[in-house]
Amino acid sequence: MNPPALQARDVTIRFGACVANDGAAITVKQGSIHALVGENGAGKSTLCKTLFGMLRPDTGEVLYGGKTVILRSPRDAMALGVGMVHQHFMLVNSLTVAENVALGAEPSRGGMLDSARMRDDVIQLSRRFGLEVEPDALVADLPVGVQQRVEILKALRSGAQTLILDEPTAVLTPPEVDGLFVVLRALKAEGRTILMVTHKLPEVLAICDSITVMRHGKTVAEKDAPLGTVGSISELMVGRAVDLARKQRKGDAAEVRLSVDKLQVQGADGRLRVQGISLSIRAGEVVGIAGVEGNGQTDLANALSGVTAPSDGSVILLGQDVTAADVRSRMRMGLAHVPEDRLQEGLAPSLGVEENSVLGGHDTEPMASWGWLHPKAIAQRARDIIARLDVRPTDASVPINALSGGNQQKVLVGRELASHPKVLILAQPTRGVDVGAMEKIHAEILAARDAGCAVLLFSAELPELMALSDVIHVMYRGKIVFSTPGAEATPETLGPWMLGGTR
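Residue numbering for the sequence shown follows my numbering, beginning at 31 and increasing consecutively.
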């Protein structure tokens, strides 16, 4: 019987007073697809970094092929045939695909860089594994799903027999997820081993052979995936039952808070990203926008929040024409916006949780007056967000980039909701968060709705849209092509419209 491809035994890792891994353990069989699941901050990424040599355990051991190994750096792990694709990609945007794939192990010929061989390596690997990429394309110009393929190709070129994937589907569209799963099954068929960290439990059940569940730094369960359900795994992750059932509004919505008329938004390339959209959102209502990512949703959200200016049409906020108004003006009127890219657009990564909890409103009462900040009020705002959304760790002085992606998202959503907005625009509010955090964020959104807030929800997750939205509009190529009451929506009715069909 073959030994496990990789194992961790009794791994404990501390960062000061914080215990990230507390006797954690995992066993991954050779030639399998294994899921590592748990709440945000449960210690999953820390354990994976230990398995890849990025962290040294305080106690415990790591084994590959049944043998204990000492990993001093990722180079040691790579020498053992291990590759890792991080949640936030480690690519150089200014280089081509071929240059990124070869980076650190560039081929040479006669003492010169062999560019032809670099290109050929990418072409051969792409064909072999069905990872279509253009070797001469700049990484900066590639969609997220293609950038992920480049990361996988880089790991495969290094000879990786074991792949560790951290949140591989967090930023992928449904078709891209399907394409990734085709690749993962092909890798498994070749005998390679895949450890996948994810929050998306239906995907775990669809592709994985076995599951390890972590909670508060500990391993609480290991089981075969076919024996699990979304409900049973959620309960193991959170320690209680999780309720994500439909919760549409009861009663009629009130006055229109936000409306757009024949809105058009032009992209940097001159193409129309939003084409003549008209819609309205009322107080006490959640309006959902469905669609495969890249069909104008981001452009619409940015135009409504003031990030970009529309090329035609109008935006009316609380009865006032704000088509030409900037972000700050709309914020002062009561509009809040959770952007889809939390690190690039929503948070200041090097600042602490405390500072991030008031960004945008730091110069207004009660956070400041007469040009002076009020540290006590700022600290209290941070403590309130940490408590309401269960942000971990609870130390508000910790830099935001030291938190897991899900906990960063909780801070961002909590900050925007703390302003008690009249209108709330949410773009992918639960991307990269676990089911427990998702439940909390949903509860906060619904509480805002019930308090009279008008909510516009952009999400790539149909279950989320169907659970929260009173009305759902489907966007396709910059237009609204279908609308339905949220209570009547199903994946079967929405899916064909999202893909450009008619029913």
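Glycine included, every Cβ here is placed at the ideal spot set by N, Cα and C.
(request) Please go through the same chain and pick out, in chain order, the residues whose beta-carbon is closer than 6 Å to the beta-carbon of S289, but skip the five residues on each side of it. (result) Position 259 of the sequence shown, counted from the first residue, corresponds to residue 289. These residues qualify, in order along the chain: S310, I346.
(request) Would you list the residues sitting across from C48 in a DSSP beta bridge? (result) Start at 1 with the first residue of the sequence shown, and residue 48 comes out as number 18. According to DSSP, which records beta bridges pairwise, C48 is partnered with F45.
(message) For D171 and L373, I'd like the C-alpha separation in whole angstroms.
(response) Residue mapping note: residue 171 aligns to position 141 of the sequence shown, counting from 1. Residue mapping note: residue 373 aligns to position 343 of the sequence shown, counting from 1. Cα-Cα distance, rounded: 19 Å.
(request) Tell me V352's beta-bridge partners as DSSP assigns them. (result) As a first step, residue 352 must be located in the sequence shown, where it is residue number 322. Its beta-bridge partners do not exist; DSSP assigns none.
(request) Measuring alpha carbon to alpha carbon, tell me which of D464, G61, G71 ends up nearest V272. (result) For the purposes of this step, residue 272 is taken as residue 242 along the sequence shown, with counting starting at 1. Comparing Cα positions, the closest option is D464.
(message) On a Cα-Cα basis, can you pick out the residue from V201, R222, V213 that is closest to T192?
(response) Numbered from its first residue, the sequence shown carries residue 192 at position 162. For T192, the nearest C-alpha among the options comes from R222.
(message) Less than 8 Å between the beta carbons of A320 and L293, yes or no?
(response) Within the sequence shown, numbered from 1, the residue matching residue 320 stands at position 290. Within the sequence shown, numbered from 1, the residue matching residue 293 stands at position 263. No, they are not a contact pair.
(request) Would you kindly check if the distance between the Cβ of G382 and the Cβ of I430 is under 8 Å? (result) Locating residue 430 in the sequence shown gives position 400, counting from the first residue. Locating residue 382 in the sequence shown gives position 352, counting from the first residue. Taking 8 Å as the Cβ cut-off, I430 and G382 qualify as a contacting pair.
(request) Enumerate in chain order the residues of its own chain whose CB-to-CB distance from L437 is below 6 Å, with the five nearest sequence positions on each side excluded. (result) Counting from one through the sequence shown, the residue named residue 437 turns up at place 407. Reading off the sequence shown, one finds Asn at residue 437, where the question assumed Leu. Only N70, G71, V421, R422 meet the Cβ criterion.
(message) Is the separation between the beta-carbon of G111 and that of G189 shorter than 8 Å?
(response) Translated into positions along the sequence shown, residue 111 becomes position 81. Translated into positions along the sequence shown, residue 189 becomes position 159. Closer than 8 Å, so yes.
(message) Looking at the strands, I want to know which residues DSSP matches up with R139.
(response) Looking up residue 139 in the sequence shown gives position 109. DSSP, once it has assigned bridges, lists M142 as partnering R139.
(message) In the DSSP assignment, the alpha helix (DSSP H) including R303 goes from what residue to what residue?
(response) If you number the sequence shown from 1, residue 303 lands on position 273. From DSSP, R303 is part of no alpha helix (DSSP H) but of the beta strand (DSSP E) over 302-312.
(request) Using the Cα positions of A107 and I182, report the straight-line distance between them to the nearest angstrom. (result) Locating residue 107 in the sequence shown gives position 77, counting from the first residue. Locating residue 182 in the sequence shown gives position 152, counting from the first residue. The alpha-carbon atoms of A107 and I182 are separated by roughly 16 Å.
(message) Buried or exposed, going by whether 16 or more other CB atoms sit within 10 Å of the CB of E494?
(response) Position 464 of the sequence shown, counted from the start, is the residue given in the question as residue 494. Buried, since its Cβ has 16 or more Cβ neighbours within 10 Å.
(request) Determine the contact status of P137 and R149, defining contact as a CB-CB distance below 8 Å. (result) As a position in the sequence shown, residue 137 is number 107, starting the count at 1. As a position in the sequence shown, residue 149 is number 119, starting the count at 1. No, the pair does not count as a contact, with Cβ atoms beyond the cut-off.
(message) Determine whether the beta carbon atoms of V234 and T242 lie at a separation below 8 Å.
(response) The residue labelled residue 234 in the question sits at position 204 within the sequence shown. The residue labelled residue 242 in the question sits at position 212 within the sequence shown. No, Cβ-Cβ distance for V234 and T242 is not below 8 Å.
(request) Quick one: residues in its chain with C-beta nearer than 6 Å to the C-beta of V131, no 5 flanking neighbours on either side, listed in chain order? (result) Mapped onto the sequence shown, residue 131 falls at position 101. So the list reads V152, L183, K184, R187, once near-sequence residues are dropped.
(message) Rounded to whole angstroms, what is the Cα-Cα separation between V250 and L266?
(response) Translated into the one-based positions of the sequence shown, residue 250 becomes position 220. Translated into the one-based positions of the sequence shown, residue 266 becomes position 236. Cα to Cα, V250 sits roughly 7 Å from L266.
(request) Evaluate A200 with the Cβ neighbour count: other Cβ atoms within 10 Å of its Cβ, from every protein chain shown; 16 or more gives buried, anything less gives exposed. (result) One-based indexing of the sequence shown puts residue 200 at position 170. The residue is buried, with at least 16 neighbouring Cβ atoms inside 10 Å.
(request) State the DSSP-derived secondary structure class of F539, mapped to helix, strand or coil. (result) The question about residue 539 has no answer, for the chain in this structure spans 31 to 533.
(message) I'd like to know whether the C-beta of K230 is nearer than 8 Å to at least one C-beta of chain C.
(response) Absent from the structure is chain C; it holds one protein chain and no more.
(message) When you compare the region 467-480 with the region 448-459, are there three or more beta-carbon pairs, one atom per stretch, that lie closer than 8 Å?
(response) yes
(request) Can you have a look at I455 and say buried or exposed, based on whether 16 or more other CB atoms are within 10 angstroms of its CB? (result) Here residue 455 refers to the residue found at position 425 when the sequence shown is read from its first residue. Per the 10 Å Cβ criterion, buried.
(message) By the three-class DSSP mapping on this structure, what secondary structure does L539 have?
(response) No answer is possible for residue 539: it lies beyond the span of the chain, which begins at 31 and ends at 533.
(request) Answer with buried or exposed for N32, where buried requires no fewer than 16 other C-beta atoms within 10 angstroms of its C-beta. (result) The sequence position of residue 32 within the sequence shown is 2, counting from 1. N32 is exposed by the Cβ-count criterion.
(request) Under 6 Å Cβ to Cβ from E252, same chain only, skipping five residues before and after it: list those, please. (result) Reading the sequence shown from its first residue, position 222 is the one you call residue 252. For E252, where only same-chain residues beyond five positions count, the Cβ hits under 6 Å are T242.
(request) Say whether the region 442-450 touches the region 361-377, bearing in mind that this needs 3 or more beta-carbon pairs closer than 8 Å, one atom from each stretch. (result) yes
(message) In the DSSP output, which residue or residues are listed as bridge partners for S62?
(response) Taking the first residue of the sequence shown as position 1, residue 62 is located at position 32. S62 pairs with nothing; no bridge assigned.
(request) Compute the beta-carbon to beta-carbon distance between G247 and D52, rounded to the nearest angstrom, for a pair I have assumed lies under 8 Å. (result) Taking the sequence shown and counting its residues from 1, one reaches residue 247 at position 217. Taking the sequence shown and counting its residues from 1, one reaches residue 52 at position 22. The Cβ separation is near 4 Å, so the contact holds.
(message) Using C-beta distances below 7 Å, list every residue in its chain close to L492, excluding the 5 sequence neighbours before and after it, in chain order.
(response) By one-based count along the sequence shown, residue 492 stands at place 462. Excluding positions up to five away in sequence, the list reads A320, P521, L524.
(message) Using the three-state DSSP reduction, which class does S359 fall into: helix, strand or coil?
(response) Sequence index remark: in the sequence shown, residue 359 carries index 329 (1-based). If DSSP states are grouped into helix, strand and coil, S359 belongs with the helices.
(request) Look at the alpha carbon of S434 and the alpha carbon of G324, and state the distance between them as a whole number of angstroms. (result) Walking along the sequence shown from the start, residue 434 turns up at place 404. Walking along the sequence shown from the start, residue 324 turns up at place 294. Their backbone Cα atoms lie some 26 Å apart in a straight line.
(request) Return the chain-ordered list of same chain residues with a C-beta closer than 6 Å to the C-beta of K74, the five sequence neighbours on each side being excluded. (result) Here residue 74 corresponds to residue number 44 of the sequence shown, with the count starting at 1. Cβ neighbours of K74 beyond the five flanking positions: L66, G68, V227, M244.
(message) Check for me: the alpha helix (DSSP H) holding D196 runs from which residue to which?
(response) One-based indexing of the sequence shown puts residue 196 at position 166. Element bounds for D196: not the alpha helix (DSSP H) but the beta strand (DSSP E), 192-196.
(request) For the alpha helix (DSSP H) holding H472, just list the boundary residues, first then last. (result) As a first step, residue 472 must be located in the sequence shown, where it is residue number 442. Note, H472: alpha helix (DSSP H), 465-480.
(request) For V201, name the three-state secondary structure that DSSP assigns. (result) As a first step, residue 201 must be located in the sequence shown, where it is residue number 171. Reduced to three states, the DSSP call for V201 is coil.
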